[in-house]
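Contents: one structure, followed by commentary.
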Amino acid sequence: MRDSIFSEESSARIAEMQEKYESGKKDVLIAEGNAQLERRALTIKAIAVGAVLFLVAALFAFRAYRVKRKGEAEVTRQKQVIEAQLKEKELLLREIHHRVKNNLQTVSSLLSIQGRGITDETAKQAVNDSRLRVKSMALIHQDLYREGDLTGVQMEDYVAKLANGLVTSYSMSDRVQLDLRVHPINLDVDTAVPLGLILNELITNALKYAWPEGRSGPVAGVHGGSKGRPTARRRDRRRHRHEGPGTSRGGRHRFRTRHDPHLRQQIEG
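The sequence shown begins at 5 in the numbering used here and counts up by one.
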């Protein structure tokens, strides 16, 4: 009897324990499921937030790209406008130099025609000197028009053309050999024109007075003088005992020209 009662009590306890175990197991499974659902929800939220942030960043990047492209397009357009304006100004400057050159050549031709009808040698020489001065200015505008570089005058080439032209004008090509030493620099028109006039006077005086009475000379040179002043020299291989005023040691004659102080002021800026 007792054994039967004990057995029933044991079975009831076992059943109760089994039920509690199963209930606890279900609670654990439910808790794990809830935790998993929460993790999934957090993951979904993180993905959603990331997607939103990525979309916002993409929108900002696209907007910045459009702004950049628009800015580049505007810069390109402005550059094209500036280039077109520069080309227009270049054509205008070229045309101006061409017209100035033609006008100066016309003046030079008129002076040449006028000089032919003058019998007085002093007046005729003065007209010819004026013609050569005008020609020296026309040469500057001619170089600017033909060479294509409107920013300045290449002085080395200009001085060579000027000196050779003067030698030819005075019919001294067979008597004078030029030795030109000029720094290869570019000068703007405002500086080149007065400098060209001064060089014209300098070379002209050298050609007139270096070899009087039809004498010939081996070399004539135009150099950079002291303190930035140009000078012309006649160098003779022979030594002369009596060379006269202006003669330096070794048979050298140095000539400087007096020029308008306004020309020097223009050169010195």
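C-beta: ideal position from N, C-alpha, C; glycine also.
Asked: Check whether Val193 and Val163 have beta carbons under 8 angstroms apart; Found: no
Asked: For Ile144 and Leu90, the rounded distance between their alpha carbons; Found: 22 angstroms
Asked: Gln158 - partner residues in DSSP beta bridges; Found: Asn190
Asked: Cα-Cα separation, Arg17 to Glu23; Found: 10 angstroms
Asked: Cα-Cα separation, Val180 to Lys93; Found: 42 angstroms
Asked: Nearest-angstrom beta carbon gap, Ala196 and Met159 [assumed within contact, 8 angstroms]; Found: 7 angstroms
Asked: Simplified DSSP assignment, three categories, for Asp178; Found: coil
Asked: Integer-rounded CB distance, given that Lys105 should sit under 8 angstroms from Ala142; Found: 5 angstroms
Asked: Whole-angstrom distance between Arg103 and Ser112, CA atom to CA atom; Found: 14 angstroms
Asked: Residues that Asp31 bridges to, as DSSP identifies them; Found: In the DSSP output, where bridge partners are listed per residue, Asp31 has none listed.
Asked: Under 8 angstroms between C-beta atoms of Leu201 and Arg135; Found: no
Asked: Where Asp147 falls: helix, strand or coil (DSSP); Found: helix
Asked: Length of the line joining the Cα atoms of Pro188 and Ala167; Found: 16 angstroms
Asked: Beta-carbon spacing of Leu191, Leu199 below 8 angstroms; Found: yes
Asked: Distance between Leu97 and Gln129 (C-alpha atoms, nearest Å); Found: 34 angstroms
Asked: Straight-line Cα distance separating Asp31 from Ser15; Found: 24 angstroms
Asked: Beta-carbon proximity check, Thr208 vs Asp133, cutoff 8 angstroms; Found: yes
Asked: Through-space distance from Gln109 to Leu115, alpha-carbon basis; Found: 10 angstroms
Asked: Close Cβ partners of Tyr174 (< 6 angstroms) along its chain, the five nearest in sequence each way excluded; Found: Leu211
Asked: Residue from Arg150, Thr155, Tyr149, Glu205 with nearest C-alpha to Val171; Found: Glu205
Asked: Buried versus exposed call for Ala19 [16 or more other C-beta atoms within 10 Å across all chains shown]; Found: exposed
Asked: Three-state secondary structure (DSSP) of Ala68; Found: helix
Asked: Local conformation of Asp133 per DSSP, three classes; Found: helix
Asked: Nearest-angstrom Cα separation, counted from Phe66 out to Lys74; Found: 12 angstroms
Asked: For Ile117, three-class secondary structure by DSSP; Found: helix
Asked: Close beta carbons around Lys49, own chain, < 6 angstroms, minus the five adjacent residues each side; Found: none
Asked: Arg238, buried or exposed, once every other Cβ within 10 Å from all chains shown has been counted against 16; Found: Summary for Arg238: the model assigns pLDDT 49, below 50, so the residue's position carries little reliability; its value from the coordinates is reported in the next sentence. Buried, by the Cβ-count rule.
Asked: Where Ile48 sits in the DSSP three-state scheme; Found: helix
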